[in-house]
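Asker:
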Amino acid sequence: MTEFESWAVENEFELANEFYDEAQAGWRLPCSMQPIDWMLEKSDRVDCFERAVGTGSRNMGEVLLVCLSRSEQRYDNLAIAHVDKDWPAGTWEGALLPEDYNEQKWCVFDTAKQS
1320 MTEFESWAVE NEFELANEFY DEAQAGWRLP CSMQPIDWML EKSDRVDCFE
1370 RAVGTGSRNM GEVLLVCLSR SEQRYDNLAI AHVDKDWPAG TWEGALLPED
1420 YNEQKWCVFD TAKQS
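So the mapping is simple: our numbering equals the position in the sequence shown, first residue as 1, plus 1319.
1. Could you name the residues of the same chain whose beta carbon sits closer than 6 Å to that of Cys-1426, not counting the 5 residues immediately before and after it, in chain order?
2. From Leu-1383 to Leu-1397, what does the alpha carbon distance come to, in whole angstroms?
3. With burial defined as no fewer than 16 other Cβ atoms inside 10 Å of the residue's Cβ, what is the status of Phe-1338: buried or exposed?
4. Touching or not, the stretch 1327–1344 and the stretch 1368–1375, by the rule of three or more beta carbon pairs under 8 Å?
5. What first and last residue would you give for the alpha helix (DSSP H) that runs through Ser-1351?
6. Which same chain residues end up closer than 8 Å to Ser-1434 when comparing Cβ atoms and leaving out the 5 residues on each side of it in sequence?
7. Does DSSP put Leu-1416 in a helix, a strand or coil?
8. When the Cα atoms are used, what is the spatial distance from Ala-1431 to Trp-1411?
9. Quick check on DSSP: helix, strand or coil for Ala-1335?
10. Measuring CA to CA, which of Phe-1323, Leu-1334, Glu-1341, Gly-1345 is closest to Phe-1428?
11. Quick one, which of Ser-1362, Thr-1374, Val-1402 has its alpha-carbon nearest Leu-1387's?
12. Under three-state DSSP, which class holds Ala-1327?
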């Protein structure tokens, strides 16, 4: 287990496999959330962890999502997002949310083919 993985477990983060769709080889995210370029290029080397934002009924579906790309035994890229699974909507690192025109959909974003 890497240093970050140990930290993640200690701070109540869980591995977030639901955001990657292996059958379709793509990231399954709210349509308003375009994956970061390195997530598309290095999809086979990205680990994502999530932690619930709050415990109240108003924000039950909200999570803090942390995605990292790894090379050998170290992480070399980091992205942090706030995702509301109930809407669904999300934002990377505090960027303004793009308008989803009230469609409230999940999208699968294709990744680069790994050789």
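All C-beta atoms, glycine included, are put in the ideal place defined by N, C-alpha and C.
Answerer: Working from what's here:
1. Numbered from its first residue, the sequence shown carries residue 1426 at position 107. Cβ-Cβ distances below 6 Å link Cys-1426 to Cys-1350 in the same chain, with the five nearest sequence neighbours on each side left out; the list follows chain order.
2. Numbered from 1 along the sequence shown, position 64 holds the residue referred to as residue 1383. Numbered from 1 along the sequence shown, position 78 holds the residue referred to as residue 1397. It is roughly 13 Å from the alpha-carbon of Leu-1383 to the alpha-carbon of Leu-1397.
3. In the sequence shown, the residue the question calls residue 1338 occupies position 19. So Phe-1338 counts as buried.
4. Short answer: they touch.
5. Locating residue 1351 in the sequence shown gives position 32, where the first residue counts as 1. No alpha helix (DSSP H) holds Ser-1351; DSSP gives it neither H nor E.
6. By 1-based counting over the sequence shown, the position of residue 1434 is 115. Caution applies to Ser-1434, whose pLDDT of 39 falls short of 50 and renders its modelled position unreliable; the value that the coordinates give is listed next. Spatial neighbours of Ser-1434 in its own chain (CB-CB distance under 8 Å, excluding positions within 5 residues in sequence) are not present.
7. As a working mapping, residue 1416 is identified with position 97 in the sequence shown. DSSP places Leu-1416 in coil when its eight states are reduced to three.
8. Within the sequence shown, the letter at position 112 stands for residue 1431. Within the sequence shown, the letter at position 92 stands for residue 1411. Taking the straight line joining both Cα atoms gives about 20 Å.
9. Mapped onto the sequence shown, residue 1335 falls at position 16. In the structure shown, Ala-1335 adopts coil according to DSSP, grouped into three states.
10. The sequence position of residue 1428 within the sequence shown is 109, counting from 1. Per the C-alpha coordinates, the member of Phe-1323, Leu-1334, Glu-1341, Gly-1345 positioned closest to Phe-1428 is Gly-1345.
11. Locating residue 1387 in the sequence shown gives position 68, where the first residue counts as 1. Considering only alpha carbons, the answer is Ser-1362.
12. Within the sequence shown, numbered from 1, the residue matching residue 1327 stands at position 8. DSSP places Ala-1327 in the helix class (H, G or I) of the three-state scheme.
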